[in-house]
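Residue numbers (this note's numbering): 583 to 974. Data block below; observations after.
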């Protein structure tokens, strides 16, 4: 029988790594320092929390639209490139906005254009790498390295330029994403279904599958538990006397920890299948946020940042591994879209709440994040039990 898999094209791994690097260069600037730009534009903590929640809300509309088009026409590469190019215009408009309402509206538009990029990239990567027999982690780690570079570049810039100009670093990073997306080789996503999905018995619709729903809840809650950290750690640390370089170093240390886990993905114990790995990551997040709730001294922060390997990287690998094995053939992008929406809804609520909690309680707001991680760990346990019962 004639294979539907496209023959490997030289440069696939390199181009994919460059795309991850571009995406996470933007993340390395935006996550720590976009709140600083918002504060420089005159927004208070509550307004910052609301603005930061916008990408999680708009993805509920943007991601299903993009992933549905990508799955129906097997056009993942084309839809990804279109979204990336449109993002440049969205961030450019944001750079020209002034006032809370205008900034919120422009950021909502930029986020609508940008939020499909990551789930489409993950779909493209998982299927293309599977066709070539390559592991995900060693390619994805280039994104983490670029995140560090973006964070340090922004950390240096924050000490050299007016904070109101930080937005143009995001515009530049979005240009890099567009260039990388336009360079991608097409991959037949529908025809490169994993052996696990091909061998699986027919499943109910994804949104009627309790194993899928509990796993998504676990991943969403565990990742959303980072809301206080993402939104307000840089503000808290700079208010506590740390300069931009020190803040960048702390963020970079956390990302180095995730890089190590990504690089070692192929050597993890066999017992750490996706759902146990997801549960372990959520448990690590709970430990991290409990400690952060007590406003630890600077000397303790580097050690707590190492837990990013669990709270983020283990959760990410567990969730992606579960989706890759569990999604039926022809629904890869749709499954990634459901995951992105679940994360978006959870992160939106957590981010909006984080602004209120941080304004009222400061670092004690991390206690709510610890609770979210604990519930996420429990959901992963339920998903594991249901999957085991179904396989029995």
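Here a beta-carbon is modelled for each residue, glycine too, at the ideal position from N, C-alpha and C.
- Item | Beta-carbon contacts of residue 798 that lie in its chain and below 7 Å, excluding the five residues immediately before and after | For this step, residue 798 is matched to residue 216 along the chain shown. The residues are 920, 921 and 924.
- Message: Buried or exposed for residue 973, going by 16 or more other Cβ atoms inside 10 Å?
- Response: For this step, residue 973 is matched to residue 391 along the chain shown. The residue is exposed, with fewer than 16 neighbouring Cβ atoms inside 10 Å.
- Item | Separation of residue 804 from residue 857, as counted between CA atoms | The residue labelled residue 857 in the question sits at position 275 within the chain shown. The residue labelled residue 804 in the question sits at position 222 within the chain shown. If you take the alpha carbons of residue 857 and residue 804, they lie about 13 Å apart.
- Query: By how many angstroms is the C-alpha of residue 647 removed from the C-alpha of residue 978?
  - Reply: The shown model of the chain, from 583 to 974, leaves out residue 978, and the question about it has no answer.
- Where residue 956 falls, given that 16 or more other Cβ within 10 Å makes a residue buried: Position 374 of the chain shown, counted from the start, is the residue given in the question as residue 956. Burial call: buried.
- What residue does the alpha helix (DSSP H) around residue 855 start on, and which one ends it? Against the chain shown, residue 855 aligns to sequence position 273. Careful: residue 855 lies outside any alpha helix (DSSP H) and carries neither H nor E.
- Task: Could you round the C-beta distance between residue 733 and residue 819 to whole angstroms and report it? I think they count as a contact, below 8 Å.
- Result: By 1-based counting over the chain shown, the position of residue 733 is 151. By 1-based counting over the chain shown, the position of residue 819 is 237. Not a contact, Cβ separation roughly 13 Å.
- Item | Counted within 10 angstroms of its Cβ, other Cβ atoms place residue 866 as buried (16 or more) or exposed | Here residue 866 refers to the residue found at position 284 of the chain shown. Counting Cβ neighbours within 10 Å, residue 866 comes out buried, since at least 16 surround it.
- Close beta carbons around residue 783, own chain, < 6 Å, minus the five adjacent residues each side: Sequence index remark: in the chain shown, residue 783 carries index 201 (1-based). With a pLDDT of 41 at residue 783, under the threshold of 50, the modelled position of that residue is not reliable, and no figure is offered here.
- May I have the straight-line CA-CA distance separating residue 945 from residue 875, to the nearest angstrom? Position 363 of the chain shown, counting from 1, holds the residue named residue 945. Position 293 of the chain shown, counting from 1, holds the residue named residue 875. One C-alpha to the other measures close to 5 Å.
- Message: I believe residue 896 touches residue 863 by the beta-carbon criterion, under 8 Å. Please report the beta-carbon distance rounded to the nearest angstrom.
- Response: Taking the first residue of the chain shown as 1, we reach residue 896 at position 314. Taking the first residue of the chain shown as 1, we reach residue 863 at position 281. Sure, about 3 Å apart at Cβ, within 8 Å.
- Query: With respect to the alpha helix (DSSP H) encompassing residue 961, which residues constitute its N-terminal and C-terminal limits?
  - Reply: Here residue 961 refers to the residue found at position 379 when the chain shown is read from its first residue. From DSSP, the alpha helix (DSSP H) with residue 961 extends over 948-973.
- Message: Could you tell me the alpha carbon to alpha carbon distance between residue 993 and residue 690, rounded to whole angstroms?
- Response: Nothing can be reported for residue 993, as the shown portion of the chain is limited to 583 through 974.
- Three or more C-beta pairs closer than 8 Å, one from the stretch 929-937 and one from the stretch 628-635: is that the case here? yes
- Item | Straight-line gap, residue 623 to residue 679 (C-alpha atoms, nearest Å) | In the chain shown, residue 623 corresponds to position 41, counting from 1. In the chain shown, residue 679 corresponds to position 97, counting from 1. Looking at the two C-alpha atoms, the distance is approximately 10 Å.
- Query: By the 10 Å Cβ neighbour count, where 16 or more other Cβ atoms means buried, how is residue 880 classified, buried or exposed?
  - Reply: Residue mapping note: residue 880 aligns to position 298 of the chain shown, counting from 1. It is exposed - the Cβ of residue 880 has fewer than 16 other Cβ atoms within 10 Å.
- Query: Going by other Cβ atoms of all chains shown within 10 Å of its Cβ, with 16 needed for buried, is residue 778 buried or exposed?
  - Reply: Position 196 of the chain shown, counting from 1, holds the residue named residue 778. Because the pLDDT of residue 778 is 42, which lies under 50, any placement of that residue in the model is unreliable, and the question is left without a value.
- Query: If residue 611 sits next to residue 817, beta carbons under 8 Å apart, how far is it from one beta carbon to the other, in whole angstroms?
  - Reply: Locating residue 611 in the chain shown gives position 29, counting from the first residue. Locating residue 817 in the chain shown gives position 235, counting from the first residue. About 15 Å separates the two Cβ atoms, so there is no contact after all.
- Under 7 Å Cβ to Cβ from residue 672, same chain only, skipping five residues before and after it: list those, please. For the purposes of this step, residue 672 is taken as the residue at position 90 of the chain shown. Cβ within range, chain order: 691, 692, 695 and 696.
- Tell me whether residue 910 sits in a helix, a strand or coil according to DSSP, three-state version. Start at 1 with the first residue of the chain shown, and residue 910 comes out as number 328. Reduced to three states, the DSSP call for residue 910 is coil.
- In whole angstroms, what is the alpha-carbon distance linking residue 748 and residue 740? Start at 1 with the first residue of the chain shown, and residue 748 comes out as number 166. Start at 1 with the first residue of the chain shown, and residue 740 comes out as number 158. One C-alpha to the other measures close to 7 Å.
- Beta-carbon separation (whole angstroms), residue 659 vs residue 768, contact threshold 8 Å: Within the chain shown, residue 659 is the residue found at index 77, counting from 1. Within the chain shown, residue 768 is the residue found at index 186, counting from 1. With 8 Å as the limit, residue 659 and residue 768 qualify as a contact, their Cβ atoms being about 5 Å apart.
- Could you say which of 607, 813, 599 and 824 lies nearest to residue 754 if we only look at CA atoms? Within the chain shown, the letter at position 172 stands for residue 754. The candidate whose alpha carbon is nearest that of residue 754 is 607.
- Query: Would DSSP call residue 653 helix, strand or coil?
  - Reply: Stepping through the chain shown from its first residue, residue 653 is reached at position 71. Three-state DSSP puts residue 653 in a helix.
- residue 807 and residue 958 look like a contact to me (Cβ under 8 Å); what is the Cβ gap, rounded to whole Å? Indexing the chain shown from 1 puts residue 807 at position 225. Indexing the chain shown from 1 puts residue 958 at position 376. Indeed, because the Cβ distance is near 7 Å, the residues count as touching under 8 Å.
- Under the three-state DSSP convention, the category residue 641 falls into: Translated into the one-based positions of the chain shown, residue 641 becomes position 59. Reduced to three states, the DSSP call for residue 641 is helix.
- Assuming residue 737 and residue 826 form a contact by the criterion Cβ under 8 Å, report the distance between their Cβ atoms to the nearest whole angstrom. Position 155 of the chain shown holds residue 737. Position 244 of the chain shown holds residue 826. The pair is a contact, with the Cβ atoms about 4 Å apart (cut-off 8 Å).
- Where does residue 609 land, buried or exposed, given buried means 16+ other C-beta within 10 angstroms? Stepping through the chain shown from its first residue, residue 609 is reached at position 27. Residue 609 should be labelled buried.
- Query: Measuring CA to CA, which of 904, 933 and 615 is closest to residue 750?
  - Reply: On the chain shown, residue 750 is found 168 positions in, with the first residue counted as 1. Among 904, 933 and 615, the Cα nearest to that of residue 750 belongs to 615.
- Alpha carbon to alpha carbon, how far is residue 725 from residue 600? Give it in angstroms, no decimals. As a first step, residue 600 is located in the chain shown; it is residue number 18 there, counting from the start. As a first step, residue 725 is located in the chain shown; it is residue number 143 there, counting from the start. Cα to Cα, the separation comes out at about 8 Å.
- Item | Chain-order list of residues whose beta-carbon lies under 6 Å from that of residue 809 (same chain, five-residue window excluded) | Mapped onto the chain shown, residue 809 falls at position 227. The answer, listed in chain order, is 932, 933 and 936.
- Message: Cutting at 6 Å between CB atoms, please list the residues of its own chain near residue 604, excluding the five before and the five after it.
- Response: Against the chain shown, residue 604 aligns to sequence position 22. The residues are 758, 759 and 762.
- Item | Candidates 822, 681, 909 and 811, of which the one nearest residue 790 by Cα | Numbered from 1 along the chain shown, position 208 holds the residue referred to as residue 790. Ranking the options by Cα distance to residue 790, first place goes to 909.
- Excluding the 5 residues preceding and the 5 following residue 930 in the sequence, name in chain order all residues of the same chain whose CB lies nearer than 6 Å to its CB. Indexing the chain shown from 1 puts residue 930 at position 348. Hits under 6 Å: 635, 638 and 639.
- residue 679 in three-state terms, based on DSSP: For the purposes of this step, residue 679 is identified with residue 97 of the chain shown, where counting begins at 1. Residue 679 falls in the coil class under three-state DSSP.
- DSSP state of residue 714 mapped onto helix, strand, coil: As a working mapping, residue 714 is identified with position 132 in the chain shown. Three-state result, residue 714: helix.
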